[in-house]
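Structure first, then comments.
Protein chains: 2
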Amino acid sequence: MDQKTTIYDIAKALDITAATVSRALNNNPKISEVTRKLVLETAAKMNYKQNRLAQSLRSGKSNNVGVIVPRIDSNFFASVIRGIEEELRPEGYHVIICQTNEDEMRQIENISTLLNAQVDGILMSISNVSEENDHVIQNVVDKNVPLIFFDRKKKMDGVSSVTINDLEGGYLATKNLIEQGCKRIAHLTGDQSLEIYDNRNKGYQKALLDSGLPFNPDYVFQVKSNVDAGRQAVDRLLSLNPPPDGIFSSSDFAALGAIQELKERGVRIPEEFCVFGFGNEPFTRFMELSISSVDQSPLEMGRMTAKVFLEQINNTDKIKIEKKVVLNPELHIRKSSSRNLSS
Amino acid sequence: MDQKTTIYDIAKALDITAATVSRALNNNPKISEVTRKLVLETAAKMNYKQNRLAQSLRSGKSNNVGVIVPRIDSNFFASVIRGIEEELRPEGYHVIICQTNEDEMRQIENISTLLNAQVDGILMSISNVSEENDHVIQNVVDKNVPLIFFDRKKKMDGVSSVTINDLEGGYLATKNLIEQGCKRIAHLTGDQSLEIYDNRNKGYQKALLDSGLPFNPDYVFQVKSNVDAGRQAVDRLLSLNPPPDGIFSSSDFAALGAIQELKERGVRIPEEFCVFGFGNEPFTRFMELSISSVDQSPLEMGRMTAKVFLEQINNTDKIKIEKKVVLNPELHIRKSSSRNLSS
DNA sequence: TAGGTTTGTGCAATCGATTACATAATTACA
DNA sequence: TGTAATTATGTAATCGATTGCACAAACCTA
Numbered sequence: 029m030d031q032k033t034t035i036y037d038i039a040k041a042l043d044i045t046a047a048t049v050s051r052a053l054n055n056n057p058k059i060s061e062v063t064r065k066l067v068l069e070t071a072a073k074m075n076y077k078q079n080r081l082a083q084s085l086r087s088g089k090s091n092n093v094g095v096i097v098p099r100i101d102s103n104f105f106a107s108v109i110r111g112i113e114e115e116l117r118p119e120g121y122h123v124i125i126c127q128t129n130e131d132e133m134r135q136i137e138n139i140s141t142l143l144n145a146q147v148d149g150i151l152m153s154i155s156n157v158s159e160e161n162d163h164v165i166q167n168v169v170d171k172n173v174p175l176i177f178f179d180r181k182k183k184m185d186g187v188s189s190v191t192i193n194d195l196e197g198g199y200l201a202t203k204n205l206i207e208q209g210c211k212r213i214a215h216l217t218g219d220q221s222l223e224i225y226d227n228r229n230k231g232y233q234k235a236l237l238d239s240g241l242p243f244n245p246d247y248v249f250q251v252k253s254n255v256d257a258g259r260q261a262v263d264r265l266l267s268l269n270p271p272p273d274g275i276f277s278s279s280d281f282a283a284l285g286a287i288q289e290l291k292e293r294g295v296r297i298p299e300e301f302c303v304f305g306f307g308n309e310p311f312t313r314f315m316e317l318s319i320s321s322v323d324q325s326p327l328e329m330g331r332m333t334a335k336v337f338l339e340q341i342n343n344t345d346k347i348k349i350e351k352k353v354v355l356n357p358e359l360h361i362r363k364s365s366s367r368n369l370s371s
Numbered sequence: 029m030d031q032k033t034t035i036y037d038i039a040k041a042l043d044i045t046a047a048t049v050s051r052a053l054n055n056n057p058k059i060s061e062v063t064r065k066l067v068l069e070t071a072a073k074m075n076y077k078q079n080r081l082a083q084s085l086r087s088g089k090s091n092n093v094g095v096i097v098p099r100i101d102s103n104f105f106a107s108v109i110r111g112i113e114e115e116l117r118p119e120g121y122h123v124i125i126c127q128t129n130e131d132e133m134r135q136i137e138n139i140s141t142l143l144n145a146q147v148d149g150i151l152m153s154i155s156n157v158s159e160e161n162d163h164v165i166q167n168v169v170d171k172n173v174p175l176i177f178f179d180r181k182k183k184m185d186g187v188s189s190v191t192i193n194d195l196e197g198g199y200l201a202t203k204n205l206i207e208q209g210c211k212r213i214a215h216l217t218g219d220q221s222l223e224i225y226d227n228r229n230k231g232y233q234k235a236l237l238d239s240g241l242p243f244n245p246d247y248v249f250q251v252k253s254n255v256d257a258g259r260q261a262v263d264r265l266l267s268l269n270p271p272p273d274g275i276f277s278s279s280d281f282a283a284l285g286a287i288q289e290l291k292e293r294g295v296r297i298p299e300e301f302c303v304f305g306f307g308n309e310p311f312t313r314f315m316e317l318s319i320s321s322v323d324q325s326p327l328e329m330g331r332m333t334a335k336v337f338l339e340q341i342n343n344t345d346k347i348k349i350e351k352k353v354v355l356n357p358e359l360h361i362r363k364s365s366s367r368n369l370s371s
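Read top to bottom, the protein sequences are chains G and S. Heads up, the first sequence is in this note's numbering, so the first residue is 29 and it goes up one at a time. Heads up, the second sequence is in this note's numbering, so the first residue is 29 and it goes up one at a time.
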């Protein structure tokens, strides 16, 4: 009853061979119109569904692509995945999701099981950079399985990547704060082993330098990307002498925490203190005191990542393409950094 | 160079047959310890990776599970998927993501391609209810492919589902508004063909009834789940005579829009007007005027959906299990519906 | 030492679809 | 009418792993 009909069943029904059925179904020009029609009709009648597994085994293409992210329940990653899925579905690919939870072992496991599953490519945002990881990732490259990094990448020969210009994002956000009149801008950064945070930090420093403002290392805190971390950072920042009058946070969540803490302490935003976040999380624009933030165009990033993969998989040359796409960050300037400047 | 080593390669290297290699790798007790060790060592040396496609074709199990959602970039669905992935990964399953974008044709397409790909099960939140869809979904059941609905389900024999008690959620939220002293509570609902909205609506009406408050059809609007829809609804609600003094919205986004519009019109929340949302989106607790909302425990829903699938797939009896899991909604009462009651 | 077990491997089919090559049937053309 | 060209289909191998059955060797047991 839940028997699946195969081309053999169709063949038997029509007293022909499976080869003919296969050819008819694949529009092979060598098949007569009569037979083709007969096969198609019978296939429909018998409710035939192609078995992709068999096809994949034969062709060596699974039509599956693995996507590895730290977690899926973050607006950013979910949006990237949406972009990837929308771009790959029309091309006949299925998207397999793997989460690492920022755990190195899981990342290694995921890569390994994806390779076992014969995925046609791996699109990933790395969680961790370590020797062992390097080894496994290099393995993917050696196996000639297209690998594309997005957002959180890793410097590797022969690996394409799609990122945003984090340095520019950090630069522009900081510049905005400076233009608003902030003189002592603090920075909340993240795990420095990840390029994204390092680059945002560099952008921040470059902006200070370009504007002739001093760089004060005491104003830079490495925090987790959550609300509490932002609150705690403010707690410590306000105890400094002099305290800062602005924050560029690499995380919207930390920026929110900072704002909450500042408000509780009676600091007026943006009049006395400006805040700029990063990530353009939905809540940043929903707040009554909306939060300025750098948009990473995750949807576009996902689409682009998928496109780079498609280019790579359809590339028949023996020369490997190494493509580095860098998207431009976009500033969303909102109330948290908008003083009414009259000058 | 990117040649993949197969069990035949290992067999050749050791001058034995592939059958023996396969058995050794699968810890078949009929293999001598000497051979087993030799095979394992050689496999490691040759960097052998099992080809899951071949294995799947033979066994008829792909170890892939398809998850169909309207969209992935929503906090709710992303969290459910997180739960599903975390529960299924340890069991050796991969999760394939499909989005329908609420488009019926795409839903049909997705189901179809997932079946072609020989997934071991389909977990879905339906986008649409139509004749054609019924047909395709029934097809899944007939093929004996485990099918589980989550959140947005459909009444179908033999299909398990995991939902929350939406009626109870609507009831409790409305009750809360009543307890706060609201006398004329409006309701923003969604597509009535979806059970979830219908049930929340029913819960709302039941709460009114139980409390002896009149039900006024003019106070019920069907809206899209976005901010603008909430604003427009308030625009119309306030023109009624008498206008309502509270809103229970089936969507957090509409609730947010409603609040924004009310504030702009100078209506004080929660003093003059209370609002209760549904979904417990992250922003609801981040707002300065935090929004009361019904939590759907999406993570738990995802986990439970995966568990029900596992039970079903591991069930060897011929009797089909039809399991209906209903999770309890949890109220998160926040400022938007918290008057300081002294009585 | 003959006959019966046990143990470890090999043989070959199977899962379902595809395709190079072979071949039969038909048509074309001189 | 005979031969070449064309057309449509069949044969069988292949993708990689698994497994029922067969079988040889070694080990027991009376």
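For every residue, glycine included, the Cβ atom is placed at its ideal position computed from N, Cα and C. Bear in mind the structure is a predicted one, so any value in this text is a computation, not a measurement.
On a CA-only basis, which of the options is nearest residue i? Give me that one, please.
i       : options                            : result
D286(S) : D131(S), P270(S), D256(S)          : Rather than Asp, the amino acid found at residue 286(S) in this sequence is Ala. It is D256(S) whose Cα lies nearest to the Cα of A286(S).
P271(S) : V262(S), Q340(S), L200(S)          : V262(S)
F105(S) : N129(S), R293(S), P118(S), L68(S)  : N129(S)
Y225(S) : Y121(S), V251(S), D238(S)          : V251(S)
I361(S) : R259(S), L200(S), R264(S)          : L200(S)
S221(G) : K58(G), K183(G), V173(G), V95(G)   : K183(G)
S87(G)  : I44(S), A82(S), V164(S), T48(S)    : A82(S)
N138(S) : A145(G), E159(G), V147(G), E114(G) : E114(G)
D246(S) : R259(S), A145(S), L268(S)          : L268(S)
G186(G) : I192(G), N193(G), N172(G), E196(G) : N172(G)
T63(S)  : Q78(S), T45(S), M74(S)             : T45(S)
L85(G)  : V248(G), Q146(G), D37(G), K40(G)   : Q146(G)
When the Cα atoms are used, what is the spatial distance from residue i to residue j?
i       : j       : result
R80(S)  : G218(S) : 43 Å
A282(S) : V97(S)  : 21 Å
S320(G) : F306(S) : 27 Å
N356(S) : F178(G) : 38 Å
K291(G) : E207(G) : 22 Å
S239(S) : L265(G) : 52 Å
F301(S) : M332(G) : 46 Å
L151(S) : V93(S)  : 8 Å
M29(S)  : E350(G) : Low confidence applies here, because M29(S) scores a pLDDT of 39, under 50, leaving its location unreliable; read the following figure in that light. If you take the alpha carbons of M29(S) and E350(G), they lie about 19 Å apart.
D162(G) : I136(G) : 10 Å
S371(G) : S277(G) : For S371(G), the predicted model reports a pLDDT of 45, less than 50, meaning its position is unreliable; a value from the coordinates is still stated below. S371(G) and S277(G): Cα-Cα distance of roughly 27 Å.
R367(S) : F304(S) : 13 Å
S155(S) : C210(G) : 49 Å
D43(G)  : K181(G) : 56 Å
Quick one: which chain G residues come within Cβ less than 7 Å of residue i?
i       : result
K77(S)  : L143, N144
S90(S)  : L81
P310(S) : F311
Going along chain S, which residues have a C-beta under 9 Å from residue i?
i      : result
A52(G) : The premise fails here: A52(G) is roughly 18 Å from chain S at the closest Cβ pair, so nothing lies under 9 Å.
Return the first residue and the last residue of the beta strand (DSSP E) that residue i is part of.
i       : result
L151(G) : 149–152
Q250(S) : 248–250
K352(S) : 352–355
D323(S) : 320–323
I361(G) : It is not in any beta strand (DSSP E) - I361(G) carries neither H nor E in the DSSP assignment.
I213(G) : 213–217
Which residue marks the beginning of the alpha helix (DSSP H) containing residue i, and which one marks its end?
i       : result
I275(S) : No alpha helix (DSSP H) holds I275(S); the beta strand (DSSP E) holding it covers 274–277.
E299(G) : Run containing E299(G): none; DSSP gives neither H nor E here.
T191(S) : Taken as a continuous stretch (DSSP letters only), T191(S) belongs to no alpha helix (DSSP H), being part of the beta strand (DSSP E) at 188–192.
E223(G) : 223–238
E61(S)  : 61–73
L175(S) : Element bounds for L175(S): not the alpha helix (DSSP H) but the beta strand (DSSP E), 175–178.
I44(S)  : Per DSSP, I44(S) belongs to no alpha helix (DSSP H) and is neither H nor E.
T333(S) : 326–342
Q260(G) : 255–265
E289(G) : 280–292
Since residue i meets chain G, which of its residues come closer than 8 Å, beta carbon to beta carbon?
i       : result
P174(S) : Per Cβ cutoff of 8 Å: no residues; P174(S) is ~11 Å from chain G at best.
R99(S)  : R110
Find the residues of chain S that neighbour residue i, judging by a C-beta separation of less than 7 Å, and give them in chain order.
i       : result
A106(G) : I100, D101, A106
I124(G) : H122, V123, I124
Please compile the residues from chain G whose C-beta is within a distance smaller than 9 Å of the C-beta of residue i.
i       : result
E316(S) : Q288, K291, M315, E316, L317
**Asked** Enumerated in chain order, which unbroken segments of the alpha helix (DSSP H) with a length of 4 residues or greater are wholly contained in the segment 88–159 of chain S?
**Response** 103–116, 132–144
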